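Per our numbering, residue 61 is the first one in the sequence shown, and the count goes up by one each step.
Where is the CB? At the ideal position from N, CA and C, for every residue including glycine.
Quick caveat, the model's predicted, so the values are computed rather than measured.
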Amino acid sequence: MAPENNAPDLQGEAPQVLDARILIVDDNHANLAVLAEFLDMEGFTQVTTESDSRHAVARWQEQPFDLLLLDIRMPHMNGHEVMAALKATLKADDYLPCIVLTAQTDRETRQAALAAGAIDFITKPFDFEETLKRINTALNTRLLHQQKRNQLSDFRQRLAEQASELQEKEHNLAFLATHDSVTGLLNRRALTERLRSQIMAQSEAFSCALVEVTDSDQLLLIEGVESVDFFLRTVSTRLKMIMDDHFGICGVWGGQTFLCALPFAGEAAGSVFDRLAKAVFAPVDDFDVVVTLHGRGGYSSVRPKEVETQQAIDATVRRAGFALASQHKRSNLVVEFNQIMEDTALRRNLLERELALAMAQEPTQFFLQFQPKVDLTHETIVGGEALLRWQHPELGFISPVDFIPIAEEKGQIEALGLIVIEHALQFVRQMQAELGRAVPIAVNVSGVQLELMQAKGQSFVAEIQRLLSQYAVAPSLLELEITESALMIGFDWVIDTLHQLRAMDVSVALDDFGTGYSSFAYIQNLPISTLKIDRAFVDNAANSPRQAALLGAIVRMALDLGLTTVAEGVETLEDIMLLRQFNCPIAQGYYYSRPLMPDDFIALLRQPSCAPAVS
Ligand code: C2E
Ligand code: CA
Ligand code: CA
């Protein structure tokens, strides 16, 4: 296919000379006619003639021609004047493609024409061969020039496009450097900057809240990544609306945690953050199902005079973080910081570090105490519960209530749990060695420990079996105490594990009964041998008829199910009498004994009765 004349990318292609637009201007009609006819015969297709030079300028301006054949001597406007007028309209990169038609061949006339801008001459009368050559040369030059100009302008346009593309990209990059890509909110870096330049500059006091939304993991599993993004955008829209209302700023602090800052403190800030919590932790009904958002938050304010420094920002955000951490994952509140929150968090942090250190380097800081379980009829010891102790050289005694949850969270509970079982079995051996007999020892088993082993494909049952045979202890002398929440970790396989343990003749006790949701209907299908009634039930029973009735009912039903029943946390004689009245067979608590060192436990076992001397 023949390429178009002025197609910009056709470099080197011969321009279509015969299609060039040619304008002939001459006041002599005969000259016009002769020249036009000649060009027509030569195959030129777009030849225009004009006898009035004044119109020539107008015609050219309407649409420029590729070649002008111009007479010099004309009335009204001579050739020089026409050229001058046309040259005034040219762009900087253009020239006038003009050949002068003249009868004068003298040097002066030629000089004047060249000075006026002509590129060549054709002398009259016309020598057609020469005329054709000159026209062709001029046209070839002109068309090539046009082609180059087009290419150049095309090139310039592409350059301009690229430049604007680049600018857009730079803009995007700048945006991404300061914004979160999912929500479009400010990112952490930009937030800190804005806190200083906007919030602090604007006001004497300010407040920062950290708000964490906790449902997205679930959503990811159920609906996928898209919906998590949607969900985060929903949260950010809600946050931003409220912050905009109060001249605040907000952004993504990290993951699913957002930071919101207000340029004021006090009750006003508290009530804005209350509103914020209500708005954010509200249902989203854009899904097929309505999803309710949950989370937690904390805030802290900086009052006048404290504001000055960058440290003020860091300290405020940090305090907001402590306040957030003090909340349960789904409290749906944004609470104000107080010192206790910081102390608790720092203490926890200290314990985390010290626990790791002690487990790695100082295992002797851990030891077991044993608390007797007492038969209420004969007041003899029928068993003991192993309770883990941590004695730190500087921090002193640390309660298992404080460090067991840390060990669970940090994955140390698995090792710790097995050490406890091992030491408990060693203690059984010690009893046998020193007394010639032993009472069963109960060990607390964390659900997290079972979960960790299950996840690693390790068998808890096999581990118990291995330890029992290593210490040559009869399975019936070991009891495992497990809480209801542990069963919830993975009901089917946990139940299966318990069945296997029961089949081995290891006892299983359901610990802290009454604090969870267990009903008897549910308990009767559990592979357990013992029910431990939580201290909360025993505590008040002697003083509260209602509580007493409940305790009585629990004991009776447990007996009906054939379960051994142990009442925990028994502290007074009244408790004991009540339990006896309800036929509760076994009690454990300070009334009989605090948890004891192994030797003390053995000493107590040597006595015929463990009834308190004063009772
Ligand atoms: P738990 O299993 O319910 O243990 C009973 C807790 O009640 C023990 O607290 C015990 O000292 C305390 N206690 C016993 N009698 C009385 C009483 O008459 N009055 C009062 N007020 N308290 C009494 P401890 O030793 O601080 O243990 C607390 C919890 O820590 C245990 O609750 C158990 O959940 C956990 N724990 C202790 N040792 C271990 C362990 O070796 N492994 C695991 N996984 N958890 C353990
Ligand atoms: Ca227990
Ligand atoms: Ca308990």
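Query: Which complete alpha helix (DSSP H) runs does the region 117-164 hold, if anything under 4 residues is left out?; Result: 139-147
Query: Consult DSSP for L246 and reduce its assignment to one of helix, strand or coil.; Result: strand
Query: What does a CB cutoff of less than 8 Å around P672 pick up in its chain, not counting 5 residues either side in sequence?; Result: Y651, Y652
Query: Could you tell me the distance, in whole angstroms, from the CA atom of T274 to the CA atom of T625?; Result: 39 Å
Query: Tell me which same chain residues have a C-beta within less than 7 Å of the C-beta of N600, skipping the five on either side of it?; Result: Q607
Query: Report all residues from its chain with a CB closer than 6 Å to the CB of T437; omit the five preceding and five following residues, and keep chain order.; Result: none
Query: Does the Cβ-Cβ distance between P447 and P658 come in under 8 Å?; Result: First, the amino acid is wrong: residue 447 is Leu here, not Pro. Going by C-beta atoms, L447 is not nearer than 8 Å to P658.
Query: Can you tell me whether S567 is buried or exposed? The criterion is at least 16 other CB atoms within 10 Å of its CB, across all chains shown.; Result: buried
Query: Restricting to runs no shorter than 3 residues, where is the beta strand (DSSP E) found entirely within the region 441-491?; Result: 441-452, 456-458
Query: Evaluate R413 with the Cβ neighbour count: other Cβ atoms within 10 Å of its Cβ, from every protein chain shown; 16 or more gives buried, anything less gives exposed.; Result: exposed
Query: Here's the rule: buried if 16 or more other CB atoms are within 10 angstroms of the residue's CB, otherwise exposed. What is K151?; Result: exposed
Query: So for M61, helix, strand or coil by DSSP?; Result: Legend: pLDDT at M61 = 40, less than 50; position of this residue unreliable, value from coordinates given subsequently. DSSP places M61 in coil when its eight states are reduced to three.
Query: Where does R81 fall in DSSP's three states?; Result: strand
Query: How about N504: is its Cβ closer than 7 Å to a heavy atom in ligand 1?; Result: yes
Query: In this structure, how does DSSP classify Y652 when only helix, strand and coil are distinguished?; Result: coil
Query: If you draw a straight line from the alpha carbon of A96 to that of A220, how long is it in whole angstroms?; Result: 43 Å
Query: Would the beta-carbon of V6 be found less than 7 Å away from any heavy atom of ligand 1?; Result: Nothing can be reported for residue 6: it is not among the residues displayed for the chain, which extend from 61 to 675.
Query: Could you tell me whether any non-hydrogen atom of ligand 2 is closer than 7 Å to the CB of D594?; Result: no
Query: Assuming C670 and V344 are in contact, meaning their beta carbons sit under 8 Å apart, how far apart are those beta carbons, in whole angstroms?; Result: With 8 Å as the limit, C670 and V344 do not qualify as a contact, their Cβ atoms being about 60 Å apart.
Query: Whole-angstrom Cβ separation of S536 and P587, contact assumed at under 8 Å?; Result: 15 Å between Cβ atoms; not a contact.
Query: Please list, in chain order, all residues of the same chain as I555 whose beta carbon is under 8 Å from its beta carbon, the five residues on each side excluded.; Result: L547, L586, P587
Query: Our contact map puts A383 next to F333 with C-beta atoms below 8 Å; I'd like the distance itself, whole angstroms only.; Result: With 8 Å as the limit, A383 and F333 do not qualify as a contact, their Cβ atoms being about 10 Å apart.
Query: I need the DSSP call for A237, collapsed to helix, strand or coil.; Result: helix
Query: Label G444 either buried or exposed according to how many other C-beta atoms from any shown protein chain fall within 10 Å of its C-beta, with 16 as the threshold for buried.; Result: buried
Query: Determine the DSSP secondary structure at L353, reduced to helix, strand or coil.; Result: coil
Query: Given a cut-off of 8 Å, decide if V295 and L246 are closer than it, judged by their beta-carbon atoms.; Result: no
Query: Nearest CA to the CA of L495: which residue from M401, R666, M137, F427?; Result: R666
Query: Using a threshold of 7 Å, is the CB atom of D462 nearer than that to any non-hydrogen atom of ligand 1?; Result: no
Query: Run the proximity test for D345: is its beta-carbon closer than 7 Å to any non-hydrogen atom belonging to ligand 2?; Result: no
Query: Going by DSSP, which residues form a beta bridge with V626?; Result: K592, I646
Query: Can we count S579 as close to ligand 1, meaning its CB is less than 7 Å from some heavy atom?; Result: no
Query: Checking the sheet assignment: what are the DSSP bridge partners for T109?; Result: I84
Query: Near T575, which residues of its chain fall below 6 Å by C-beta distance, leaving aside the five closest residues on each side in sequence?; Result: D594
Query: For V508, which of helix, strand or coil comes out of DSSP?; Result: helix
Query: Going by DSSP, what residues sit across from I524 in a beta bridge?; Result: Looking at the DSSP assignment, I524 forms no beta bridge with any residue, so it has no partner.
Query: Short of 8 Å in beta carbon distance, which residues of its chain neighbour M61, apart from the five on each side in sequence? Order them along the chain.; Result: Residue placement at M61 is flagged as unreliable, the pLDDT there being 40, under the threshold of 50; a coordinate-derived value is accordingly withheld.
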